[in-house]
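Residue numbers (the numbering used here), protein chains in the order written: chain A, 1321 to 1639; chain B, 1321 to 1639; chain C, 1321 to 1639. Here's the structure we're looking at; comments come further down.
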């Protein structure tokens, strides 16, 4: 996949009229656009809405990396809008060997499919296809490389708003774990900045924190206790087991000792602290059962919010 | 997956009001509940009914063991009730590695999915999840370990009723094959007892018959000719090829010689005997072509009854 | 799978009343039947029609060979007609090991599925099942062995008609590549003859051309320049990489040198030449980027026509 010059996701996703054409990243998204998506998602959550706005519209889940949760969540969102779903799992498809992602995309687009929910291991891969998509076609980035996972960012913000109200200016949030390799963390950071979060703390071992502009404006610490002190929300990240093989983390036990969230540590946070995790969880590694299943946990509410957040996005792009 | 104490499927599936909340086993099911499901399934078979009772409802096929026939049958049943189907195939999913079945279930439940059709290699696995399911969630056991496959039991009873009438009190039934490892046989035994079958004969090599209370009240024999003598119905079981590797069966030829149903042997049965098999068949091993495709065979009718039996169950649980 | 005598696809697919019951091959299809399918497909293409003619009808994609594009195209076609789709991928299914294709088909048919879209590696496999299908069941051949891929032939003819008009009598068409192993080429040849194409040229290396009656009436050449001279349409075929291993083709470079379509060569064709390819393309092997993405290429239009051609077929068989 090559285009003339590297495309900038935040430019590609907005039409000349300022309307959202694709959702590639939360980075650079105008605050009113972001808040309108959250408001609509909340409305759908409150009403349990099932409509037929996308009846006759086909949405393709185009996954070049395997995923089950995100794919199912988008599938359910599409169903609740009356859309027809087509699944293309490039990670198991043998027939498209040798075909480029661009040819695969163009082929399915030519079938009259209007919505694409795409995941890809390469940064910018979704934006590259969005840049060449036809005028009626919309792409949703369901995760590209380490860059962005914007609907996860949306559902996390929706979850925080439900717990803490719409005004984030007094909110202290800690993001803990492998921020370096996490598209979830990047989308959360984008969204928290847009919504004006009061303080963003980022915590993890040095080898798992980015050394670029990702953390601009954040309080960075390698000490979990310091990160948790008085925070209103903790956003835990999944530890990918390949970090061990890469030598970035010593052992699961070691990681848990320093960066695992347990009840004892959580007591440093505000009394009404809430805990989020994008799942799937490594229980006993980055998070203990007592926290994951405890009263502070919003982890299952995140999952439910994922469906309505994705409904709001699909409706905005295709409705 | 652990819960405080081992849950008893027959307790978990009935609400305090006696209403069926889940379908985990036919064991202990009140006869009127069982007969109501069969009556409704028959009504749907007669009318070819397609309705929209589950429109807007999501049903997830949650298979931790591979299956094609059962999954397709439940999918078709869901479609005929207007439900949206989500497929989760844990046997091929790589993304949920390390996630427990409980977390997978809770996650999909949190997406607003109300019906779960679950298959799992462990006895009691479906009941364990049913015990922790939310109030609006219903689980259907599509096969757990060797314990139960209740919708197969239902469709087999429906098929027998169509052929032999509703009164089973004079009915002589033979179940032949690997009863020890068969959840199908257990669910058939549960149902036949509840419906008051006149005589239940169980036949197979000693190594493939259970040595516990499963066969209480049955006539047990290792002689197929004796088992078939004058019976009204023969329920053949599939021979899993791994029994050879386990040393429980000598060879396919040997098994066929002693326990394969052929036309010569079938002549010992009643003139209007009917033959059932849950499929997929090992032709030439447990059953010969002439029997499988002959006038006594109800094997394809079983498949059709599977769809309406599952419709009746899903409608009762989710409608 | 065995039947008494080898069944002839063109006989099986037409009922005694001359009505199309299955679509197995374009070979021997009466011209009015073929043209009616093309006319209906064109009507659907023009209107973007989405209807509910197959509401409540189940269509099963029964693939014994992997395919993504064709399966998705049929799935979209089914959705646009309101049908319910069931997918059976025998190439990944482990549960039906040992079960014959006939038993698999009969089982799914017994679930009340009326339409089957089937792909199989063996010539005649779809026709064999069609010969034993029940009266309400229709099969569509989505590719069997090297024999036929009739909906590809239909969509190619639809694409040619849109570009060149309905009268093919003055049309010069070149089919280039591995005709010997190509069911696409055979279905195109059948259709072009029925529609009275003016001249059909077939071009490829000797090892990749058939030595039977397939090419009757065609101009055969091993020289691509000669094949292209003044032609109105070029139908390129995909080069399967296994031809190298089989020793039928020296190398990709060698194949490209002699049979790859580039802009320089394409200039030999008529000024308004159109280029077709069934996909997926081996870019830089049988076709260059400049041709594939150039103004003569109808390759993406073929994909769109595939959906409406398949809608027309499914509607004719099941509507």
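C-beta atoms are modelled at their ideal positions from N, C-alpha and C, and glycine is treated no differently.
Secondary structure at residue 1602 of chain A: coil, using DSSP grouped into helix, strand and coil. Annotation for residue 1514 of chain C: 1351, 1354 place their beta carbon closer than 6 Å to its own, counting only its chain and skipping 5 residues before and after.
Along the stretch 1423-1446 of chain B, the positions whose C-beta sits under 9 Å from a C-beta of chain A are 1423, 1424, 1426, 1427, 1428, 1429, 1430, 1431, 1432, 1433, read in chain order. By the C-beta criterion, the stretch 1617-1631 of chain B is judged not to be in contact with the stretch 1438-1455 of chain C, since fewer than 3 inter-stretch pairs fall below 8 Å. Using a C-beta cut-off of 8 Å, the stretch 1520-1531 of chain C makes contact with the stretch 1564-1579 of chain C, since at least three inter-stretch Cβ pairs fall below that distance. Per DSSP, the beta bridge partners of residue 1494 of chain A are A/1521, A/1554.
By the Cβ criterion, the stretch 1530-1538 of chain A is not in contact with the stretch 1589-1600 of chain A, since fewer than three pairs of Cβ atoms, one from each stretch, lie closer than 8 Å. When Cβ-Cβ separations below 9 Å define contact, residue 1639 of chain C makes no contact with chain B. The beta carbon of residue 1419 of chain B falls within 9 Å of a beta carbon belonging to chain A, placing the residue at that interface. Non-local beta-carbon contacts of residue 1541 of chain C in its own chain, meaning distances under 6 Å to residues more than five positions away in sequence, involve 1523, 1547 in chain order. Chain B has a Cβ within less than 9 Å of the Cβ of residue 1620 of chain A.
Judged by DSSP in its simplified three-state form, residue 1433 of chain C adopts coil rather than helix or strand. The C-beta of residue 1380 of chain B comes closer than 9 Å to at least one C-beta of chain A. For residue 1408 of chain C, the residues of chain B that pass the 9 Å Cβ criterion are 1388, 1392, in the order they occur in the chain. Of the residues assessed, residue 1423 of chain B falls on the buried side of the cut-off, its CB having 16 or more other CB atoms within 10 angstroms. When DSSP reads this structure, residue 1440 of chain C sits in a beta bridge with C/1464. The beta-carbon of residue 1627 of chain C is placed less than 9 Å from the nearest beta-carbon of chain A. Listed as beta-bridge partners of residue 1488 of chain A by DSSP are no residues whatsoever. Annotated as proximal: residue 1419 of chain C and residue 1601 of chain B, with beta-carbon spacing under 9 Å. In this structure residue 1372 of chain C is exposed. Its beta-carbon is surrounded by fewer than 16 other beta-carbon atoms within 10 angstroms. C-alpha of residue 1334 of chain A to C-alpha of residue 1557 of chain A: approximately 29 Å in a straight line.
Contiguous alpha helix (DSSP H) elements confined to the stretch 1352-1431 of chain B occur at 1389-1400, 1421-1430, taking only those with 4 or more residues. Residues of chain C whose Cβ lies closer than 8 Å to the Cβ of residue 1396 of chain B are, in chain order, 1378, 1404, 1406, 1431, 1432, 1433. Nearest in C-alpha terms to residue 1550 of chain A, of all of A/1561, A/1589, A/1565, is A/1589.
In the structure shown, the three-state DSSP call for residue 1539 of chain A is strand.
Contact between the stretch 1458-1466 of chain C and the stretch 1330-1346 of chain C is present: three or more C-beta pairs spanning the two stretches fall below 8 Å.
Separation of residue 1428 of chain B and residue 1389 of chain A (C-alpha to C-alpha, rounded to the nearest whole angstrom) is 8 Å. Where residue 1596 of chain C is concerned, the enclosing beta strand (DSSP E) starts and stops at 1594-1596. The beta-carbon separation of residue 1375 of chain B and residue 1402 of chain B, rounded to 4 Å, stays under the 8 Å limit for a contact.
Neighbours of residue 1614 of chain B in chain C, taken as residues whose beta carbon is under 7 Å from its own, are absent, since the nearest beta carbon is some 14 Å off. Taking C-beta atoms as the reference points, residue 1574 of chain A and residue 1484 of chain A fail to come closer than 9 Å.
In this structure, residue 1399 of chain B sits away from residue 1381 of chain B, with a CB-CB distance that is not shorter than 9 Å. At a beta-carbon threshold of 7 Å, the residues of chain A lying near residue 1623 of chain C are 1427, 1430, 1431, ordered along the chain. Exposed is the label assigned to residue 1363 of chain A, since fewer than 16 other Cβ atoms lie within 10 Å of its Cβ. Looking at the DSSP output, residue 1329 of chain C shares a beta bridge with no other residue.
For residue 1507 of chain A, the enclosing alpha helix (DSSP H) starts and ends at 1503-1514.
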